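Before any comments, here is the structure.
Number of protein chains: 2
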Amino acid sequence: MRIDDASTLTRPSADPAPVPAQPASAPPAPAPPREPGVVTVEKTLAILEAVAERGGATAREVSEALGFPLPTVYRLLQALVQSDYLVHLTGQHRFELGYKLDRLGVSLHRQIGIPTSVRTEIGRLHTLSQTAAYFAVYRGADVVVAYVVDSPDHPRLTPLNFGFHEATHATAFGKIMLAGMSSEQRDQYLDVHELTRLTATTKTRRQDLYAELAQVATSGVAWEIEEFVPGMTCAAVGVRNGAGMIIGSVAISAPSAELSERRQRDIERHLRDASNQVSRYYRSGALRRANTATL
Amino acid sequence: MRIDDASTLTRPSADPAPVPAQPASAPPAPAPPREPGVVTVEKTLAILEAVAERGGATAREVSEALGFPLPTVYRLLQALVQSDYLVHLTGQHRFELGYKLDRLGVSLHRQIGIPTSVRTEIGRLHTLSQTAAYFAVYRGADVVVAYVVDSPDHPRLTPLNFGFHEATHATAFGKIMLAGMSSEQRDQYLDVHELTRLTATTKTRRQDLYAELAQVATSGVAWEIEEFVPGMTCAAVGVRNGAGMIIGSVAISAPSAELSERRQRDIERHLRDASNQVSRYYRSGALRRANTATL
DNA sequence: TGAGCGTTCTCGCAGAGTGAGAACGCCGGG
DNA sequence: CCCGGCGTTCTCACTCTGCGAGAACGCTCA
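Residue numbers (UniProt numbering), protein chains in the order written: chain A, 1 to 295; chain B, 1 to 295.
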């Protein structure tokens, strides 16, 4: 059973900034797209990430990659080393990631807080249904992937790593969560999140989406057939707390080609079983943070 | 928490610089101990860690905990949110950790890079010997815990988490690694790292330590009996690469009381077995980064 | 209705961060 | 042996950035 590795760089969601075309000229001040923010902090974090991406780097590499002058890079590198976000491998003349990042990662997982019983249940879902298996929860106003179990034979959908929280309209667990919101919450949510087209069959009109959500609400199961990634299908069932509110969702993904009608029925059954088990956990006490997802 | 370099030595706590006459000002703060560094960055990271420690926090909590004025805290919080190191749960008026921290944690683990075959071997060591099991490697000039397998019945020693790299003189795997260094490397290492007393039996004199290291080098196994944590004993065996150099170490920890002579023999056997298996992996190709530990 | 909190803005000042440049030690190659 | 290149640290004067008191706005609760 693997926890979570993989995950590489995802394209930074390019904001629709005006002036997308930088005229190649103007070496002086082409005014980068970025909003103000605290410049020093942004530079520092950029350096940290540069070191992370290339699995360690020399100061010069960072300087060239980011276009920051060398003295600045050294200064900020040292600040990061001092706080244990980086280590300086003096022998190898390299900077690599520091151990605080592990501790922070652990803290993050603790904040999301998926109990072991739920983890094993998702593991069972993976084994029984022979698919990648997911657990998603509300976090604040977002819907986020909180746990994944997959295997070489049944790998996760590449973007669906821990922390994924986009494309709610185009994922099975996203539909479950949208269907679980009050209509005002849903409207507000969709006012902020566009119905981006991802494949030929992605539902990009609210009308269509609402119609499906109504159906999801009654049937209790959401399917998503190649609306997110071509050739792949997902399915999900909601998880409810003691008050009957949807607080999360168990889900699977599999190649569409492998899904005979019979297999679909089996999967639905496994999803409902898993949902029941997980819901049972959340019904019995232990509902830690207020999951009422105020939006 | 590092104790290393000389920079601390150069600056006496209260520097009696020329111009001692401060213009009558400064009745309040006599300037805290901290060395310069990039102030903004330090503040920002302090905020990040404050949020991590308390599992999410409001801006005001952070402000009070760290003594930074509110507008500053908000500004830096936003910088962190913008870079995905924090999320702002607007519904709950809280800031919590962001998903980039997971990605950075994963990158760190990838940089340390313990292959799965080694992981399973440490798992087996845990099961067979019925103890917490560890794998440690050189990283730059340091010796760091790279992987741990434990269980409720056989928990790890509390400080021995991933990333632990102190007290080399008082841990079994540390002794293995010290024994594996050239004498110049060892001397240099010990010039920088004090032989801190941790328990009544910690070896704090180089003499004593060197004597034991010589014995470790010949026997191939290091024991550490309550020199690190009272009541707990550790043992370790080295892992060698194709060139015969020590590049890591497998280790276990257990309560001293549970270690009959027979059990000690069993544990030594299991450690040697594990070491052989792991060494085999590092012998066959795959010796990625130059582990020659230049110091 | 008002107090308290979360959150964002404004704005003038001070000082922090900046970055060209030089310096130092170390290495490997000519 | 000396030179050139690299990693690393320091200096220093200038400027622009981050600072933080304070006020403002909206919300929730009593």
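No residue lacks a Cβ here, since even glycine has one placed at the ideal position from N, Cα and C. This structure is a prediction, so every number in the text was calculated from the model and none was measured.
So with CB distances below 7 angstroms, who are the chain A contacts of B:E61?
Residue numbering aside, residue 61 of chain B sits at position 61 when the second sequence is read from its first letter. Simply none; closest approach about 15 angstroms.
Mind checking the region 108-141 of chain A against chain B and listing, in chain order, the residues whose C-beta falls within less than 8 angstroms of any C-beta there?
Taking 8 angstroms as the Cβ-Cβ cut-off against chain B, the residues of the region 108-141 of chain A that qualify are L108, H109, R110, Q111, R139, G140, A141.
Sorted by chain position, which residues of the same chain lie with C-beta nearer than 7 angstroms to B:A172's C-beta, five sequence neighbours on each side aside?
Residue 172 of chain B sits at position 172 when you count from the first residue of the second sequence. Counting only Cβ-Cβ distances below 7 angstroms, and skipping sequence neighbours, we find A222, W223, E224, C234, A235, A236, A251.
Counting only Cβ pairs nearer than 9 angstroms, list the residues of chain B close to A:T171.
For this step, residue 171 of chain A is matched to residue 171 along the first sequence. Within chain B, no residue comes near A:T171; the closest Cβ sits about 16 angstroms away, beyond 9 angstroms.
Starting from B:T233, follow its DSSP beta bridges and name the residues at the other end.
Against the second sequence, residue 233 of chain B aligns to sequence position 233. Partner(s): B:I225, B:A254.
Give me the Cα-Cα distance between A:G238 and A:L125, rounded to the nearest whole angstrom.
Numbered from 1 along the first sequence, position 238 holds the residue referred to as residue 238 of chain A. Numbered from 1 along the first sequence, position 125 holds the residue referred to as residue 125 of chain A. Those two C-alpha atoms are separated by around 14 angstroms.
For B:T196 and B:E226, which I take to be in contact (beta-carbon distance under 8 angstroms), what is that distance rounded to the nearest angstrom?
Your numbering for residue 196 of chain B matches position 196 in the second sequence. Your numbering for residue 226 of chain B matches position 226 in the second sequence. Actually they do not touch by this definition, with Cβ atoms about 15 angstroms apart.
Could you pull the DSSP bridge partners for A:A57 from this structure?
Within the first sequence, residue 57 of chain A is the residue found at index 57, counting from 1. For A:A57, which the question treats as bridged, DSSP gives the partners A:F95.
Residue ranges of each beta strand (DSSP E) run of no fewer than 3 residues wholly in the region 88-169 of chain B, ordered along the chain?
List check, beta strand (DSSP E) in window: 94-97, 132-139, 142-149.
Identify which residue in A:R186, A:N241, A:S275, A:R269 has its Cα closest to the Cα of A:Q207.
Here residue 207 of chain A is taken as the residue at index 207 of the first sequence, counted from 1. Among A:R186, A:N241, A:S275, A:R269, the Cα nearest to that of A:Q207 belongs to A:R186.
Buried or exposed: where does A:H93 fall if 16 or more other Cβ atoms within 10 Å of its Cβ makes it buried?
For this step, residue 93 of chain A is matched to residue 93 along the first sequence. By the 10 Å Cβ count, A:H93 comes out exposed.
Between the beta-carbon of A:A132 and the beta-carbon of A:S253, is there less than 8 angstroms?
On the first sequence, position 132 is the one that residue 132 of chain A refers to. On the first sequence, position 253 is the one that residue 253 of chain A refers to. Yes.
For A:L76, report the span of its alpha helix (DSSP H) as first-last.
Looking up residue 76 of chain A in the first sequence gives position 76. Element bounds for A:L76: 70-82.
Take the Cβ of A:R265 as the centre, count every other Cβ of all protein chains shown within 10 Å, and call the residue buried at 16 or more, exposed below.
Walking along the first sequence from the start, residue 265 of chain A turns up at place 265. The residue is exposed, with fewer than 16 neighbouring Cβ atoms inside 10 Å.
Can you have a look at A:V145 and say buried or exposed, based on whether 16 or more other CB atoms are within 10 angstroms of its CB?
As a working note, residue 145 of chain A is residue 145 in the first sequence. So A:V145 ends up on the buried side.
If we define contact as Cβ-Cβ less than 8 angstroms, is B:E166 a contact residue for chain A?
Here the question's residue 166 of chain B lines up with position 166 in the second sequence. Not closer than 8 angstroms to any Cβ of chain A, the Cβ of B:E166 fails to qualify, so no.
Just to make sure I have the definition right: I need the residues of chain A whose C-beta is within less than 7 angstroms of the C-beta of B:V38. Which are they?
Taking the second sequence and counting its residues from 1, the one referred to as residue 38 of chain B is at position 38. T40, R75, L76, A79, listed in chain order.
If you pair each beta-carbon of the region 153-160 of chain A with each one of the region 111-126 of chain B, do three or more pairs fall below 8 angstroms?
Not touching, per the Cβ criterion.
Select from B:M181, B:H193, B:I47 the residue whose C-alpha is nearest the C-alpha of B:F95.
One-based indexing of the second sequence puts residue 95 of chain B at position 95. Of the candidates B:M181, B:H193, B:I47, the one whose C-alpha sits nearest the C-alpha of B:F95 is B:I47.
Quick test of the definition: if touching needs 3 or more C-beta pairs under 8 angstroms, does the region 75-90 of chain A touch the region 39-59 of chain A?
Yes, they touch.
Quick check: what's the CA-CA separation for A:H165 versus B:A179?
In the first sequence, counting from the first residue as 1, residue 165 of chain A sits at position 165. In the second sequence, counting from the first residue as 1, residue 179 of chain B sits at position 179. Spanning the two alpha carbons is a distance of roughly 49 angstroms.
Have a look at A:P71, A:S275, A:E194 and flag the residue whose alpha-carbon is nearest the alpha-carbon of A:G220.
By 1-based counting over the first sequence, the position of residue 220 of chain A is 220. Among A:P71, A:S275, A:E194, the Cα nearest to that of A:G220 belongs to A:S275.
So is B:F162 in contact with chain A if we call contact Cβ pairs under 8 angstroms?
As a working note, residue 162 of chain B is residue 162 in the second sequence. Yes, B:F162 counts as interfacial toward chain A.
Is B:S249 helix, strand or coil when you go by DSSP?
Working through the second sequence from its first residue, we reach residue 249 of chain B at position 249. Here B:S249 sits in strand by DSSP.
To the nearest angstrom, report how far apart A:A293 and B:V41 are at their CA atoms.
Along the first sequence, read from residue 1 onward, the residue named residue 293 of chain A stands at position 293. Along the second sequence, read from residue 1 onward, the residue named residue 41 of chain B stands at position 41. Only weak support is given to the placement of A:A293: the predicted model assigns it a pLDDT of 31, under 50, and the question is left unresolved by the model.
Excluding five sequence neighbours on each side, which residues of the same chain lie with their C-beta closer than 6 angstroms to the C-beta of A:G105?
Locating residue 105 of chain A in the first sequence gives position 105, counting from the first residue. Here the set comprises nothing.
Using only the alpha-carbon positions, how far apart do B:Y210 and B:R240 sit?
Your numbering for residue 210 of chain B matches position 210 in the second sequence. Your numbering for residue 240 of chain B matches position 240 in the second sequence. When rounded, the distance between both Cα atoms is 21 angstroms.
Ordered along the chain, which non-local residues of its own chain (more than five positions away) have a Cβ less than 6 angstroms from that of A:S279?
Here residue 279 of chain A refers to the residue found at position 279 when the first sequence is read from its first residue. Counting only Cβ-Cβ distances below 6 angstroms, and skipping sequence neighbours, we find V239, R240.
Taking C-beta pairs closer than 9 angstroms, name the residues in chain A that B:S83 reaches, listed in chain order.
The residue labelled residue 83 of chain B in the question sits at position 83 within the second sequence. Near B:S83 (Cβ distances below 9 angstroms), the residues of chain A are G37, V41, E42, L45, A46, E49.
Quick one, which of B:A52, B:G98, B:L128 has its alpha-carbon nearest A:R103's?
In the first sequence, counting from the first residue as 1, residue 103 of chain A sits at position 103. Of B:A52, B:G98, B:L128, the residue nearest in Cα terms is B:A52.
Below 7 angstroms on C-beta distance, what does A:D102 contact in chain B?
Walking along the first sequence from the start, residue 102 of chain A turns up at place 102. Within 7 angstroms Cβ-Cβ: G105, L108, F162, G163.
Between the alpha carbons of A:R283 and B:H88, how many angstroms are there, rounded?
Position 283 of the first sequence, counting from 1, holds the residue named residue 283 of chain A. Position 88 of the second sequence, counting from 1, holds the residue named residue 88 of chain B. Cα to Cα, A:R283 sits roughly 27 angstroms from B:H88.
Report the residues of the region 89-100 of chain A with a CB closer than 7 angstroms to any CB of chain B, ordered along the chain.
So the list reads L89, T90, G91, Q92, E96, L97, Y99, given in the order they occur along the chain.
On the three-state DSSP scale, how would you describe B:V239?
Taking the second sequence and counting its residues from 1, one reaches residue 239 of chain B at position 239. It is a strand residue.
Hey, B:V73 and B:S63: beta-carbon distance below 8 angstroms or not?
Counting from one through the second sequence, the residue named residue 73 of chain B turns up at place 73. Counting from one through the second sequence, the residue named residue 63 of chain B turns up at place 63. Result yes, Cβ atoms of B:V73 and B:S63 sit closer than 8 angstroms.
What residues from chain A crowd round residue 351 of chain B, counting only those whose CB sits closer than 7 angstroms?
Residue 351 of chain B is absent from the structure shown; chain B starts at 1 and stops at 295.
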